[in-house]
Amino acid sequence: MRVRAVVFWVHLSAAVAAGGIVLILCLTGATLVFARQIQEWSERGVRRPGAPAAASVRLTLDEALLRAKRAQPAWPFMEATLFADPKYAFALSTEDHRTLFVNAYTGQVQVEPEPAFQRFFQVAGLLHTRLNLDAGQPFAAAANVVFLVLACSGLCLWWPHAWRWAAVRPSIWFVKGASGRAREWNWHNVVAIWFLPALIVLAGTGVVLSYRSVNAEMFRLAPIFMKPAASNQRSTASPAVQPAARLSIPSTLDSFAARVAAGVPGWESIYINFYPPQGGSVTGAGGAPFKGFEAVVIRAAAWPPFATTLASLDPATGALRLGDTYASAPPGRRARMWVRTLHSGDAFGNPGRIIACLTCLAGCLLVYTGYAMALRRLARRLRGA
């Protein structure tokens, strides 16, 4: 009982001290989980103009680039994006992220609209990482540590004195008709125990992302728990191919995209970087050959879901080289990918994002009920005095 009392006062003191910042982290975290999807939805009119007519002929990617250059001749286009879904438009982007969308069937060119939610999510991101203050990062980082301590100490306080159903039930499910402190205690315990694993994951990954020393320690320990990187770079042509049998280097976006699409079955989208911007030549300054194209491919059935395929050209043979960004990464880098995507909810796609969002909302409820019980305790003490 003496140990439990110490844990209780540590839990209460930490919660009162950092609860406000934890609330900000949870609110902004719930907001940011679907930030990319919300922004894309707000731009759906230009991103996804709709299904083509039955007799429509699809433009080539090179034709789309030509139309974009005619619409904005001063823009140095460096990236082209195409989607397997025919309802999506081509996207042509510059290095500074200015984007034009070209309807794949009508050829209509539209500038990316000013994202309606962009500023909102920028502020939410600044609040989440540093409370939107120049010197706020250490406080946000400390709040992640406190949140992790609260989750672990909360489990100790939740643990029933006796494992009888009458004693356990109010701690694992909602009690009808409860009010006042009894209701707040019930909500606090039920929400905490059901979301405890996810709360620990979000808080723990937040600590790793907040402190360089912890991140460095993760890189040091990762090889103990993860296998070394697999050498999975593969090529569509043998590296020993004779000069007479060398593949031709693609000179257009379409020829390169076709090679990539054929080499990566089940692709959803292909992001192509091309050099020089017109994508017509693969010869650099002074006539020296270089990789004219590189691509990042998003696959429908990738594992982990955040893994992508990198595609590039062998400058000597013209062979297409493919590599998995996850499988080929060293253990520390793979661990960092998991930490980052577990924290954002992206590690398991939309189910993971839903769980992350609900967990953040649960954290908000825990802060509310925790403060409510603390204020009731204080009021009772003051009345007693």
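Counting in the numbering used here, the sequence shown runs without a single skipped number right up to 428 at its last residue.
Yeah, the Cβ is synthetic: ideal placement off N, Cα and C, and Gly gets one too.
Because the structure is a prediction, the values reported are computed rather than measured.
What separation, rounded to the nearest whole angstrom, lies between the Cα atoms of residue i and residue j?
i       : j       : result
Val-257 : Phe-317 : 38 Å
Gly-329 : Gly-335 : Residue placement at Gly-329 is poorly supported in this model, since its pLDDT is 38, which falls under 50; the coordinates still yield a value, given next. Approximately 15 Å, taken between the alpha carbons.
Pro-320 : Leu-296 : Residue confidence for Pro-320 is low, a pLDDT of 43 falling below 50, so the modelled location carries little weight; the figure read from the coordinates is stated next. One C-alpha to the other measures close to 11 Å.
Ala-422 : Glu-227 : 15 Å
Ala-127 : Ile-313 : 8 Å
Ile-315 : Leu-143 : 15 Å
Trp-52  : Val-189 : 14 Å
Trp-201 : Thr-412 : 15 Å
Lys-112 : Phe-120 : 8 Å
Ala-184 : Ser-99  : 54 Å
Ala-205 : Arg-212 : 12 Å
Could you tell me which residues DSSP puts in a beta bridge with residue i?
i       : result
Thr-352 : Val-340, Asp-367
Asn-316 : Glu-122, Glu-337
Gln-153 : Phe-144
Phe-133 : Val-145
If residue i and residue j are in contact, beta carbons under 8 Å, what's the gap, nearest whole angstrom?
i       : j       : result
Tyr-148 : Arg-101 : 6 Å
Ile-236 : Ser-214 : 7 Å
Trp-310 : Ile-341 : 7 Å
Ala-354 : Ala-338 : 4 Å
Of the residues the options, which one's Cα is nearest the Cα of residue i?
i       : options                           : result
Ser-136 : Pro-116, Tyr-414, Ala-127, Pro-92 : Pro-116
Cys-195 : Thr-351, Arg-45, Ala-57, Thr-412  : Ala-57
Gly-406 : Asp-367, Ile-313, Asn-187         : Asn-187
Leu-356 : Gly-309, Leu-385, Ala-300         : Ala-300
Gly-249 : Arg-379, Leu-409, Phe-120         : Arg-379
Ala-265 : Pro-348, Gly-375, Arg-424         : Gly-375
Gln-153 : Ala-107, Gly-197, Glu-122         : Ala-107
Pro-203 : Asp-389, Asn-393, Gly-427, Arg-47 : Arg-47
Identify whether residue i lies in helix, strand or coil by the three-state DSSP scheme.
i       : result
Val-251 : helix
Tyr-148 : coil
Arg-423 : helix
Ala-221 : coil
Glu-138 : coil
Leu-143 : strand
Val-100 : coil
Gln-180 : helix
Val-307 : coil
Leu-193 : helix
Met-269 : coil
Trp-230 : helix
Verify the contact flag: residue i, CB atom, against every heavy atom of the ligand COA, threshold strictly below 8 Å.
i       : result
Arg-302 : The ligand COA is absent from the structure shown, which contains no ligand whatsoever.
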